[in-house]
Every structure is written in C-alpha cells, then in structure tokens.
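Heads up: the sequence shown begins at 9 in the working numbering, then just goes up one per residue. All residues carry an ideal CB built from backbone N, CA and C; glycine is no exception.
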Amino acid sequence: MSGRATNGERAAMGSANRLKLGLFGANCASGRAVTRVPERWSGSWPDCLKLARMADEAGIEFMLPIGRWKGYGGDTDYQGATLETVTWACGLLAHTKRMTVFGTVHAPLIAPLIAAKQFVTADHIGEGRFGLNVVCGWNENEFDMFGASLRDHESRYEYAQEWLDAVKLAWSPAEDFDFDGRFIKLKGVRAKPKPFGGTRPVIMNAGASPTGQAFAIRNCDALFSNISDGISFDETARHVMNVRASARRAGRDIDVYTVGVVTCRPTAREAQSYYRHCIVDHADWRAVDNILAMRNVTPETRAPDEFQRLRNHQANGMGGLPLVGDPDMVAAQLARLADAGLTGIAVSFVNYLDELPYFCAEVLPRLARLGLRQGRAASKQAAP
Ligand SMILES: Cc1cc2nc3c(=O)[nH]c(=O)nc-3n(C[C@H](O)[C@H](O)[C@H](O)COP(=O)(O)O)c2cc1C
Numbered sequence: 009m010s011g012r013a014t015n016g017e018r019a020a021m022g023s024a025n026r027l028k029l030g031l032f033g034a035n036c037a038s039g040r041a042v043t044r045v046p047e048r049w050s051g052s053w054p055d056c057l058k059l060a061r062m063a064d065e066a067g068i069e070f071m072l073p074i075g076r077w078k079g080y081g082g083d084t085d086y087q088g089a090t091l092e093t094v095t096w097a098c099g100l101l102a103h104t105k106r107m108t109v110f111g112t113v114h115a116p117l118i119a120p121l122i123a124a125k126q127f128v129t130a131d132h133i134g135e136g137r138f139g140l141n142v143v144c145g146w147n148e149n150e151f152d153m154f155g156a157s158l159r160d161h162e163s164r165y166e167y168a169q170e171w172l173d174a175v176k177l178a179w180s181p182a183e184d185f186d187f188d189g190r191f192i193k194l195k196g197v198r199a200k201p202k203p204f205g206g207t208r209p210v211i212m213n214a215g216a217s218p219t220g221q222a223f224a225i226r227n228c229d230a231l232f233s234n235i236s237d238g239i240s241f242d243e244t245a246r247h248v249m250n251v252r253a254s255a256r257r258a259g260r261d262i263d264v265y266t267v268g269v270v271t272c273r274p275t276a277r278e279a280q281s282y283y284r285h286c287i288v289d290h291a292d293w294r295a296v297d298n299i300l301a302m303r304n305v306t307p308e309t310r311a312p313d314e315f316q317r318l319r320n321h322q323a324n325g326m327g328g329l330p331l332v333g334d335p336d337m338v339a340a341q342l343a344r345l346a347d348a349g350l351t352g353i354a355v356s357f358v359n360y361l362d363e364l365p366y367f368c369a370e371v372l373p374r375l376a377r378l379g380l381r382q383g384r385a386a387s388k389q390a391a392p
C-alpha cells in the first residue's frame, strides 16, 4: 500500500477481490479447533511467520489474531499459549508485503495513548497495513489477571467508545488536546507521529449484541458477525443489508465479514472423515466444557438436547461456519457467502500451515473462475 492510499482503500484491505479472505486465530496454540489431534496448531512464532509469508504470497488479504490472556485448560490447555497480538502484528508486518495484519486489543486493559502509539508504530512498520480489532472483554477470569473488573455489558461499550475516540484523536492532526470523558480524562495530549500516509488503520469489531453492532456501525470499517451453521442464506443476506442500511443512515459505510472453519480435502468423504476425527472423536471435551461453563452453559442450565447442540458447535472451531468438503464444495459455500452480501471471511484450519497450500492451490482458482477473486498472477501484479 502506498503512502497515497485512501481510507477506503485501506478498508478494502489492499485488494479489489469481491470475497476477501483472512486467517483467524493463528496466534493461539490450537488455533480455533478444540481438538487433541497431535497435528493441532502450535501457535509458535516460527509457524506464524511461515504462515504469514505463505498467505501473503497467495494474496490472502488479512490475518486476525485473538486477544486471549488465559487459555481454557482441558487436556490440551486449549489456547493456553498465545502471542500478544500487537507485537505479533509488528513482526508479521515487517516480514510481509501486502496483507493487513490486525491487532486485537481489549480497550479496558490498556491506556488509550499507549495503545494509539503502538498502533501507529505497527502501522509504520507495515507501511499502512496495520488493522485494529477493538474488543471490550468476554472472560471475567482474564480480567482478574489484570486486577480489572469486567463492566456490565452496556458500560463496556460506553468505555470502548471513549477509548476509541481518544485513540482516533491521538491519530488526528490535533495537538495538545484535552480529553474529558466520563471514564477517560487526558490533559495536553501530544501524539506524534501519525498513522502512515495520512490515513488511519482499518478498524473492526465483532459485536453480536445490538449494542455491540451499533458500536461497530458508529465506529468501524468492518463488522465481523459469527454466522453459525443453520442460519439461512436469507437471514444472512438480511443481516448484511440491515447493517449496511444502518451505517448508511449514519452517513457511514461498513463491510460485513464472517468467520469459518475449513476442512478441505480431495473428496467430500475424506473431508468429512477428517472433520469427524478432529472435532468429534478427538475433541478436547474437557476444554469444550470449560468454555461453555464460562458462558454459563452447563447441563444444569440447559435442556439435554440444547446442551449437546451447543457442545458440538463449540468443538467446531469455537463457532464459525464449518466449510467441509472437496474444493468444489468449499468454493461453492464461499460463493454463497459473497452472494449474501458478505465482504469476506476469516477462516481457521486445524493446522494452518499444512492445510493452507491445498486450499490455495484448489479453492482459490475456483473462486477466481467464479469471479470472486483475481487469479494469483493477476492479484500479484495488482499489488503495489
Ligand atoms: C471474529 C470475532 C473475533 C473476536 N475476537 C475476540 C477476541 O480476540 N477477544 C475477545 O475477548 N473477544 C473476541 N470476540 C468477541 C466479540 O468482540 C464480542 O464481544 C462478542 O461477539 C459478543 O458480542 P457483544 O460484545 O456485542 O455481546 C470476537 C468475536 C468474533 C466473532
């Protein structure tokens, strides 16, 4: 991305592809698959670096990490080892050329001016390719580690609004400004340099509640919505239309993305059998139950059928659309998402490095033939 990029070009994450693709959760051990299989994702730095280079070369638009401070235990200590996301992004940005790399940041856990400067630093390292995923907090036991308390749901977003306003002001040409919020009070703020090239990092949020979605619509370039299995094409399309319409009413533009878990093999049978092997036969059920208990989903609080449904769903990459099949099937499922109006999807794999080459070799050309992405050579040429 050149120094002359516009905010709109940044929001397009450096490509004109109709369906943008990202990798989700690679900074965490096990990624997003709650499985005991030995080939599960390491989350190590060397593996993340290899993955980012491979994805960048293939024209994948972005990498989205998870802001996780404490894992979920179980037999594998699921997501117990995680790389901090902004420093992770800095490293990856230094070693890639085109992709956007997000940092996922808990607004209440870091002073807005330190955060704003970290983002600017990452953005300069990546010459305009840093993105920010603002999160408000989910897991009470993570907040305990910081001596912080998780505010009630509405106040979490009120705090995040002030925090983001302060960050954006620090990025703006304003100098020596005061900030007098309900939660945040700052005096005589000077923050230089500004983000790369006179624009600002792409901002996303994944709020699911009406308050969370309204926050995204007010502030963000992208809303990531978890469209789970079983939600119809029409419902998905309606959701995307409603979000876009609300943004337009507020004089803004917003893109809607979702998340998915890919198991792609030469035949549907092989894909389904590997999926079953990882996510059912070798699921880390103890970790799954820990995750659910933190959301107050237990056999005591739910009917047996409902509990089992949620349990199965949680093992599958902690939510997200399962894209399981041969390359034609996976490409067709992705095309349906684009047809429903989604701008893109952040996917995970059981082992990203082992599985991405096949996905790139087989699914990407199919998406190109469907007119959803440029071919590999073309997208390389289009890169600045
Ligand atoms: C794609 C995606 C990424 C998310 N990343 C994180 C994360 O890294 N850390 C976190 O605490 N919450 C994360 N969340 C949770 C959301 O920020 C949000 O809190 C959640 O979807 C519930 O919505 P609500 O806050 O509106 O109730 C993520 C959710 C999604 C769908």
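Going by DSSP, name the residue or residues bridged to residue i.
i      : result
Pro330 : Val269
Leu194 : Phe187
Ile353 : Leu29, Thr266
Cys36  : Thr90
Gly139 : Phe110, Val210
Phe70  : Gly30, Thr108
His43  : Here residue 43 turns out to be Thr, not His, going by the sequence shown. Thr43 pairs with Ala291.
Nearest-angstrom Cα distance between residue i and residue j?
i      : j      : result
Glu183 : Met212 : 26 Å
Ala390 : Gly22  : Note on Ala390: pLDDT 38, under 50, position unreliable in the model; the coordinate value appears next. Cα to Cα, Ala390 sits roughly 9 Å from Gly22.
Phe154 : Ser356 : 29 Å
Glu15  : Glu278 : Looking at the sequence shown, residue 15 is not Glu but Asn. So the two alpha carbons sit approximately 43 Å from each other.
Asp229 : Arg284 : 36 Å
Lys193 : Tyr282 : 53 Å
Ala348 : Glu135 : 33 Å
Ala168 : Pro274 : 45 Å
Asp64  : Val197 : 37 Å
Glu314 : Ala37  : 29 Å
Arg40  : Gly189 : 37 Å
Ala97  : Thr129 : 11 Å
Leu372 : Ala339 : 8 Å
Glu148 : Trp77  : 11 Å
Val248 : Pro116 : 29 Å
Cys272 : Val175 : 40 Å
Pro209 : Pro312 : 45 Å
Tyr366 : Phe70  : 18 Å
Tyr86  : Asp362 : 20 Å
Leu31  : Ser157 : 31 Å
Leu177 : Gly145 : 23 Å
Ile235 : Lys195 : 42 Å
Gly383 : Ala376 : 5 Å
His202 : Tyr360 : Note on residue identity: the sequence assigns Lys, not His, to residue 202. The alpha-carbon atoms of Lys202 and Tyr360 are separated by roughly 34 Å.
Arg137 : Glu308 : 46 Å
So, helix, strand or coil for residue i, using DSSP?
i      : result
Lys202 : coil
Asn213 : strand
Leu172 : helix
Gly99  : helix
Met107 : coil
Ser233 : coil
His285 : helix
Ala279 : helix
Val251 : helix
Thr129 : helix
Ala245 : helix
Pro335 : helix
Arg179 : For the record, residue 179 in the displayed sequence is Trp; it is not Arg. Looking at Trp179 - three-state DSSP - the assignment turns out to be helix.
Trp53  : helix
Leu380 : coil
Gly16  : helix
Cys144 : coil
Cys368 : helix
Asp261 : coil
Lys78  : coil
Arg317 : helix
Val296 : helix
Arg21  : Residue 21 is actually Met in this sequence, not Arg. Three-state result, Met21: coil.
Ala391 : Note that Ala391 scores 37 on pLDDT, short of 50, meaning its location in the model is unreliable and no value can be drawn from it.
Pro218 : helix
What is the C-beta distance between residue i and residue j, in whole angstroms, given that I count them as a contact (C-beta under 8 Å)?
i      : j      : result
Leu331 : Val269 : 7 Å
Asn141 : Leu91  : At roughly 15 Å, the Cβ-Cβ gap does not stay under 8 Å, so Asn141 and Leu91 are not in contact.
Val42  : Met302 : That belief does not hold up - the Cβ atoms of Val42 and Met302 are roughly 13 Å apart, past 8 Å.
Ala295 : Gly81  : 6 Å
Arg344 : Phe191 : Not confirmed; about 42 Å, so no contact.
Ala60  : Leu100 : 4 Å
Asp131 : Phe204 : 5 Å
Gly88  : Gly79  : 3 Å
Ala124 : Ala199 : 6 Å
Ala216 : Ser233 : 7 Å
Residues passing the C-beta test against ligand 1 heavy atoms, cut-off 5 Å: Every residue passing the under-5 Å Cβ criterion appears here: Ile74, Gly75, Thr112, Val143, Trp146, Ala214, Gly215, Ala216, Ser217, Gly220, Phe232, Asn234, Val267.
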